[in-house]
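The structure appears below as structure tokens.
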Amino acid sequence: MDMATKVMALELGPHKIRVNAVNPTVVMTDMGKMAWSDPVKSSNAMTQIPLGRFAEEADVVNAIVFLLSDQSSMLSGVTLPVDGGRLVH
329 MDMATKVMAL
339 ELGPHKIRVN
349 AVNPTVVMTD
359 MGKMAWSDPV
369 KSSNAMTQIP
379 LGRFAEEADV
389 VNAIVFLLSD
399 QSSMLSGVTL
409 PVDGGRLVH
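Each residue of the sequence shown is one higher than the one before, counting from 329 in my numbering.
If you want it as structure tokens, here you go:
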């Protein structure tokens with residue numbers, strides 16, 4: 329997905345079309361809660377997230393709203409991690 333985002337940004341940029349994506353960690357949707365609510369299963373993954381929690385749906389929505397807004401008008405080709413800092417490991 330990262331490279332597809334970059335290629336589309338290159339192709340569509342001259343037409344003033346921005347292309348970005350979000351890369352979330354585990355998101356606590358109904359399915360995410362079923363899969364990750366067991367502390368035995370989730371504890372190892374949770375130790376990899378410096379903010380100490382999985383993402384909520386609103387965390388991902390807020391990142392998308394930002395990327396769609398004029399506040400990100402100079403961003404294109406970005407794959408934004410919504411991962412509580414997990415990628416710093």
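Positions of the beta carbon are idealized from the N, C-alpha and C atoms, including for glycine.
Drop a sphere of 10 angstroms on the beta-carbon of residue i, count the other beta-carbons inside from all chains shown, and report buried for 16 or more, exposed for fewer.
i: residue 404; result: buried
i: residue 398; result: exposed
i: residue 333; result: buried
Among the residues of its own chain, which have a CB less than 6 Å from the CB of residue i, if the five just before and after it don't count?
i: residue 415; result: 409
i: residue 346; result: 404
i: residue 379; result: 412 and 413
With a cut-off of 8 Å on the beta carbons, I'd call residue i and residue j a contact; round off their distance for me.
i: residue 373; j: residue 388; result: Contact flag wrong, Cβ pair sits at about 17 Å.
i: residue 394; j: residue 400; result: 6 Å
i: residue 350; j: residue 377; result: Not a contact, Cβ separation roughly 16 Å.
i: residue 364; j: residue 370; result: 5 Å
Measuring alpha carbon to alpha carbon, tell me which residue in the options is nearest residue i.
i: residue 359; options: 350, 351 and 383; result: 383
i: residue 348; options: 330, 406 and 332; result: 406
Leaving aside the five residues before and after residue i along the sequence, list all residues of the same chain whose C-beta is less than 8 Å from its C-beta, in chain order.
i: residue 385; result: 355, 356 and 357
By Cβ distance below 7 Å, which residues in the same chain neighbour residue i in space, the five residues on each side in sequence not counted?
i: residue 340; result: 347
i: residue 336; result: 347
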